[in-house]
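Take the sequence shown: its letters are residues 1 to 650, numbered as in the UniProt record's numbering. Right, one structure below, let's go through it.
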Amino acid sequence: MDKLSKIQNYDTKKMKKYCSKADIDDLHTLKLYLDDLYYNTADPELSDQLYDILKDTLIKRDPEYVPPVGAKIRKHENRVKIPFYMGSADKITPDEQKELDRWIEKNPCKDLVISEKLDGVSGTFTVVNGKRKLFTRGDGETGADISYLIQYIDSIPNVAEDIAVRGELIIRKDVFEKKYYFDGKSDDKVKGRGSGRLYRNARNMVAGLVGAKTVRAGLQDIEFVVYEIVGHATMPKPEDQMKKLKKLGFTPAMHKVIPVPEDMDEWVDLHNRYKKDSKYEIDGIVIQSNVPYDRNPSGNPSYLFAFKVNSEDDIHETTVLDIEWSVSSWGQIVPVAIIDSVELPGNTIKRVTVSNAGLMREKGIGPGAIINVTRSKEVIPFIVSVSEPCDEFKWPDMEYEWDENEVHLKVVDASPEIVARMRVKLFSKFFAKMGIKHVSSATIAKLYAHGFDTLLKIIAAKKEELVHIDGIQEKSAERIVTNIKEGLKGVKAPELMGACGVFGFGVGRKRVIALMTDIPDLLTRKRKGLKKRVLEVEGFSEIMADKVVANIDYAVQFIDEISKYVSFLDDTRVSDTLVGLKYVFSGFRSKELEQHIEDRGGKIATSVSKKTSGMIVASKSGKPTGKVAKAESLGIPVYTKEEFTEKFIS
Numbered sequence: 001m002d003k004l005s006k007i008q009n010y011d012t013k014k015m016k017k018y019c020s021k022a023d024i025d026d027l028h029t030l031k032l033y034l035d036d037l038y039y040n041t042a043d044p045e046l047s048d049q050l051y052d053i054l055k056d057t058l059i060k061r062d063p064e065y066v067p068p069v070g071a072k073i074r075k076h077e078n079r080v081k082i083p084f085y086m087g088s089a090d091k092i093t094p095d096e097q098k099e100l101d102r103w104i105e106k107n108p109c110k111d112l113v114i115s116e117k118l119d120g121v122s123g124t125f126t127v128v129n130g131k132r133k134l135f136t137r138g139d140g141e142t143g144a145d146i147s148y149l150i151q152y153i154d155s156i157p158n159v160a161e162d163i164a165v166r167g168e169l170i171i172r173k174d175v176f177e178k179k180y181y182f183d184g185k186s187d188d189k190v191k192g193r194g195s196g197r198l199y200r201n202a203r204n205m206v207a208g209l210v211g212a213k214t215v216r217a218g219l220q221d222i223e224f225v226v227y228e229i230v231g232h233a234t235m236p237k238p239e240d241q242m243k244k245l246k247k248l249g250f251t252p253a254m255h256k257v258i259p260v261p262e263d264m265d266e267w268v269d270l271h272n273r274y275k276k277d278s279k280y281e282i283d284g285i286v287i288q289s290n291v292p293y294d295r296n297p298s299g300n301p302s303y304l305f306a307f308k309v310n311s312e313d314d315i316h317e318t319t320v321l322d323i324e325w326s327v328s329s330w331g332q333i334v335p336v337a338i339i340d341s342v343e344l345p346g347n348t349i350k351r352v353t354v355s356n357a358g359l360m361r362e363k364g365i366g367p368g369a370i371i372n373v374t375r376s377k378e379v380i381p382f383i384v385s386v387s388e389p390c391d392e393f394k395w396p397d398m399e400y401e402w403d404e405n406e407v408h409l410k411v412v413d414a415s416p417e418i419v420a421r422m423r424v425k426l427f428s429k430f431f432a433k434m435g436i437k438h439v440s441s442a443t444i445a446k447l448y449a450h451g452f453d454t455l456l457k458i459i460a461a462k463k464e465e466l467v468h469i470d471g472i473q474e475k476s477a478e479r480i481v482t483n484i485k486e487g488l489k490g491v492k493a494p495e496l497m498g499a500c501g502v503f504g505f506g507v508g509r510k511r512v513i514a515l516m517t518d519i520p521d522l523l524t525r526k527r528k529g530l531k532k533r534v535l536e537v538e539g540f541s542e543i544m545a546d547k548v549v550a551n552i553d554y555a556v557q558f559i560d561e562i563s564k565y566v567s568f569l570d571d572t573r574v575s576d577t578l579v580g581l582k583y584v585f586s587g588f589r590s591k592e593l594e595q596h597i598e599d600r601g602g603k604i605a606t607s608v609s610k611k612t613s614g615m616i617v618a619s620k621s622g623k624p625t626g627k628v629a630k631a632e633s634l635g636i637p638v639y640t641k642e643e644f645t646e647k648f649i650s
């Protein structure tokens with residue numbers, strides 16, 4: 001990528017400036033490219049610090065962006081479906097007290113298990129009938145089979161029993177610094193210090209060695225540090241798992257059983273002690289209830305979270321010099337505060353996000369305002385508080401109006417130039433969300449300028465048409481057409497509609513999926529009473545429901561027109577008898593039964609709540625698990641597999 005060659009030499013200040021001003025769709029494209037390098041090669045071409053700035057900027061600027069787990073393994077590699085789902089962990093920081101309190105309330109327990117959050121390459125080790133296998137996590141469902149590396153990793157023991165273990169491939173800090181660290185100045189990067197090549201950081205070294213096509217020097221220093229036994233049944237307490245793993249000869253992550261801390265200072269102190277004492281690079285600590293649990297089959301687990309402290313969380317007072325405005329893909333006019341520069345460790349901050357015009361007006365943020373700024377999660381500058389509001393606001397120099405909630409400003413009678421920028425951003429976002437590479441905003445701008453001014457026109461474009469556009473050569477044209485064609489194979493209709501935004505701003509991928517899971521005949525049902533039905537779907541307000549109703553005909557037309565270019569996955573639903581119902585398994589897993597439930601419109605949940613419709617257990621004999629006890633206390637019916645099948649499936 002041409003832009004990458006420029007930004008890889010940026011300092012953090014320039015990177016933040018670039019990310020704050022660059023087209024959001026260009027940032028999505030850049031991250032897709034970097035993810036491939038970061039997770040699959042030794043040379044990611046961008047430092048961890050700059051990569052984090054890019055990732056966190058996307059999270060901040062694009063409210064619908066959901067960071068993917070890991071990265072797709074390249075097609076030419078030994079790509080396999082890994083034996084168990086391997087998700088990520090929700091993160092909580094010291095400035096998120098409400099989230100922490102909410103988690104503690106939802107996960108009542110006497111003790112917690114605190115373990116280090118290792119910053120290496122996640123993997124799963126399995127033994128089945130004496131055969132040992134090792135996999136990388138990949139995107140959580142599909143990873144790489146790297147079993148051939150087991151012979152080089154001394155910390156993986158010979159285990160007789162069948163087992164699956166989750167852990168991290170990582171190298172000790174002292175070993176890396178002594179043998180492999182490259183400071184960017186010496187001339188011995190390739191030669192190394194008698195031990196192979198050198199690397200800028202430990203994680204990239206491990207990723208490079210694990211992803212290499214040939215065995216390289218350095219593998220002998222990689223360790224497999226473990227933190228969980230994996231299975232489909234209810235798992236034992238984390239404390240008991242760690243004891244068993246150590247007994248079997250594994251190296252468990254540093255951990256400790258503690259009572260629930262009483263205040264945030266205790267959490268921060270725990271984090272800092274682990275950061276100081278760990279033998280490895282860590283990215284925070286993992287907090288988990290010390291009770292048996294059922295692993296999550298998708299998404300992030302509710303029974304644990306990652307706690308991360310911003311070591312540079314320093315608040316500075318400064319003055320707002322100006323307000324800049326930019327138009328988003330949905331026509332919202334978004335403010336950014338230009339401030340009198342402040343120095344944070346290693347960074348100079350001159351621009352701070354204000355999020356929206358409503359917040360700007362509420363807090364009195366404008367030229368002359370005195371504000372307190374810090375950095376969220378180490379990279380994103382934001383306003384903590386306003387010490388002295390401005391005397392006068394600076395509003396956009398274009399015609400605008402407030403949205404229904406008076407949160408955002410919207411463009412009124414946008415000029416052709418603004419409309420073009422909005423559509424280019426919107427189309428670029430679609431391709432980024434669909435994971436279609438090499439269709440950047442710069443490319444789409446060229447297409448738009450040459451008459452490809454709708455999403456359908458771009459999707460239907462032929463190589464013979466694209467080669468006549470300045471800046472698009474035959475090879476590029478072929479790549480664009482091929483990537484779009486391949487990217488639209490095996491697509492689910494709700495995901496497609498969510499990515500393209502047929503229902504308007506705020507009704508993105510997650511909401512559309514929830515909507516069509518609850519109302520599978522949404523596109524064909526009668527319009528009378530539709531709003532009332534949409535309001536019954538969890539997460540849909542009056543405004544959201546109005547958007548769905550107002551755009552339903554457009555959504556039908558869009559799906560009809562795009563169908564000739566898309567191969568949709570078949571809907572396997574056989575009935576709607578379980579629509580809106582949620583079921584939790586305890587003590588066992590059954591992919592077959594889960595599919596039966598989903599085929600009838602039901603959902604599988606991982607934790608019990610008042611919204612749970614039923615609990616499915618292997619047997620009602622013996623002492624009930626914590627989940628079953630909670631279900632019974634809430635009056636939730638408990639079924640055996642046989643009882644549930646007879647009542648709802650047969």
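Note that CB positions come from ideal geometry on N, CA and C, so glycine has one too.
Report back the beta-carbon spacing between D294 and T234 to the nearest angstrom; my notes put them in contact at under 8 Å.
-> Along the sequence shown, read from residue 1 onward, the residue named residue 294 stands at position 294. Along the sequence shown, read from residue 1 onward, the residue named residue 234 stands at position 234. Confirmed, about 5 Å.
Short check: CB of P381 to CB of K16, under 9 Å?
-> Within the sequence shown, the letter at position 381 stands for residue 381. Within the sequence shown, the letter at position 16 stands for residue 16. P381 is a Cβ neighbour of K16, given a cutoff of 9 Å.
Assign G284 to buried or exposed, taking buried as 16 or more other Cβ atoms, counted over all protein chains shown, within 10 Å of its Cβ.
-> Taking the first residue of the sequence shown as 1, we reach residue 284 at position 284. Buried is the call here.
Within the chosen definition, does the segment 134 to 148 reach the segment 92 to 103 through at least 3 CB pairs nearer than 8 Å?
-> Cβ pair count under 8 Å is below three, so no.
Residue(s) in a DSSP beta bridge with E388 | Stepping through the sequence shown from its first residue, residue 388 is reached at position 388. E388 has I370 as its beta-bridge partners, per DSSP.
Determine the DSSP secondary structure at I163, reduced to helix, strand or coil.
-> By one-based count along the sequence shown, residue 163 stands at place 163. Assigned with DSSP and collapsed to three states, I163 falls in strand.
Taking just the CA atoms, how far does I444 sit from D453?
-> Position 453 of the sequence shown holds residue 453. Position 444 of the sequence shown holds residue 444. So the two alpha carbons sit approximately 9 Å from each other.
K106 versus P301, V121 and R351, residue with shortest Cα-Cα distance = Position 106 of the sequence shown, counting from 1, holds the residue named residue 106. Residue P301 holds the alpha-carbon nearest to the alpha-carbon of K106 among P301, V121 and R351.
Three CB pairs or more closer than 8 Å across the segment 517 to 529 and the segment 461 to 473 | Two segments are said to touch when three or more pairs of C-beta atoms, one from each, lie closer than 8 Å; by this definition the segment 517 to 529 does not touch the segment 461 to 473.
Which word fits I543, buried or exposed, when buried means at least 16 other C-beta atoms lie within 10 angstroms of its C-beta?
-> To locate residue 543, count along the sequence shown from 1; it is residue 543. With fewer than 16 Cβ atoms within 10 Å of its Cβ, I543 is classed as exposed.
The segment 485 to 498 contacting the segment 425 to 438, beta-carbon criterion three pairs below 8 Å = Short answer: they touch.
Just the Cα atoms here: how many angstroms apart are T57 and R79?
-> As a position in the sequence shown, residue 57 is number 57, starting the count at 1. As a position in the sequence shown, residue 79 is number 79, starting the count at 1. Each residue's CA atom was taken as its position, placing T57 and R79 some 30 Å apart.
Three or more beta-carbon pairs under 8 Å between the segment 498 to 515 and the segment 474 to 486, yes or no?
-> No, the segment 498 to 515 is not in contact with the segment 474 to 486.
Contact check, I349 vs V373, beta carbons under 9 Å = Taking the sequence shown and counting its residues from 1, one reaches residue 349 at position 349. Taking the sequence shown and counting its residues from 1, one reaches residue 373 at position 373. Contact: yes.
Could you spell out where the beta strand (DSSP E) holding M615 opens and where it closes?
-> The residue you call residue 615 lines up with position 615 of the sequence shown. Residues G614 to V617.
P252 burial status per 10 Å Cβ neighbour count (16 or more: buried) = Numbered from 1 along the sequence shown, position 252 holds the residue referred to as residue 252. Buried.
Should Q288 be labelled buried (16 or more other beta-carbon atoms within 10 Å of its own) or exposed?
-> By 1-based counting over the sequence shown, the position of residue 288 is 288. It counts as buried.
For the beta strand (DSSP E) that contains P259, what are its first and last residues?
-> Counted from its first residue, the sequence shown places residue 259 at position 259. That run of the beta strand (DSSP E) goes H255 to P259.
Given a cut-off of 9 Å, decide if F125 and K131 are closer than it, judged by their beta-carbon atoms.
-> Start at 1 with the first residue of the sequence shown, and residue 131 comes out as number 131. Start at 1 with the first residue of the sequence shown, and residue 125 comes out as number 125. Not a contact, by the Cβ cut-off of 9 Å.
Helix, strand or coil: which one does DSSP assign to L634?
-> In the sequence shown, the residue the question calls residue 634 occupies position 634. For L634, the secondary structure class from DSSP, reduced to helix, strand or coil, is coil.
Rounded C-alpha distance that separates D154 from I222 = By 1-based counting over the sequence shown, the position of residue 154 is 154. By 1-based counting over the sequence shown, the position of residue 222 is 222. Cα to Cα, D154 sits roughly 8 Å from I222.
Is there contact between the segment 312 to 331 and the segment 356 to 372, where contact requires at least three CB pairs shorter than 8 Å?
-> In this structure the segment 312 to 331 lies against the segment 356 to 372, because at least three pairs of beta carbons, one per stretch, are closer than 8 Å.
Buried versus exposed, by CB contacts within 10 Å (16 or more), L634 = In the sequence shown, residue 634 corresponds to position 634, counting from 1. By the neighbour-count rule (16 or more Cβ atoms within 10 Å), L634 is not buried but exposed.
Runs of alpha helix (DSSP H) wholly within the segment 484 to 518 (minimum 4 residues, chain order) = Qualifying alpha helix (DSSP H) stretches, in chain order: 493 to 500 and 509 to 518.
Same chain only: Cβ atoms within 6 Å of F176, ignoring 5 sequence neighbours per side | Looking up residue 176 in the sequence shown gives position 176. Once the five neighbours on either side are set aside, the close Cβ partners of F176 are A202.
Any contact of the segment 630 to 647 with the segment 604 to 621, i.e. 3+ C-beta pairs under 8 Å?
-> Proximity of the segment 630 to 647 to the segment 604 to 621 meets the contact definition, three or more beta-carbon pairs being nearer than 8 Å.
Quick one: residues in its chain with C-beta nearer than 7 Å to the C-beta of I156, no 5 flanking neighbours on either side, listed in chain order?
-> Within the sequence shown, the letter at position 156 stands for residue 156. The residues F125, I150 and F224, in chain order, have a CB closer than 7 Å to that of I156 in the same chain once the five nearest residues on each side in sequence are set aside.
Alpha-carbon to alpha-carbon, F585 and C19 = What you label residue 19 is simply residue 19 of the sequence shown in a count that begins at 1. What you label residue 585 is simply residue 585 of the sequence shown in a count that begins at 1. In this structure, the alpha-carbon of C19 lies about 43 Å from that of F585.
Using the beta-carbon count (16 or more within 10 Å), is Y148 buried or exposed?
-> For the purposes of this step, residue 148 is taken as residue 148 along the sequence shown, with counting starting at 1. Label assigned to Y148: exposed.
Buried or exposed by the 16-neighbour rule on C-beta atoms within 10 Å, applied to L198 | Reading the sequence shown from its first residue, position 198 is the one you call residue 198. It counts as buried.
Residue range of the beta strand (DSSP E) that includes Y400 | For the purposes of this step, residue 400 is taken as the residue at position 400 of the sequence shown. Taken as a continuous stretch (DSSP letters only), the beta strand (DSSP E) holding Y400 covers Y400 to W402.
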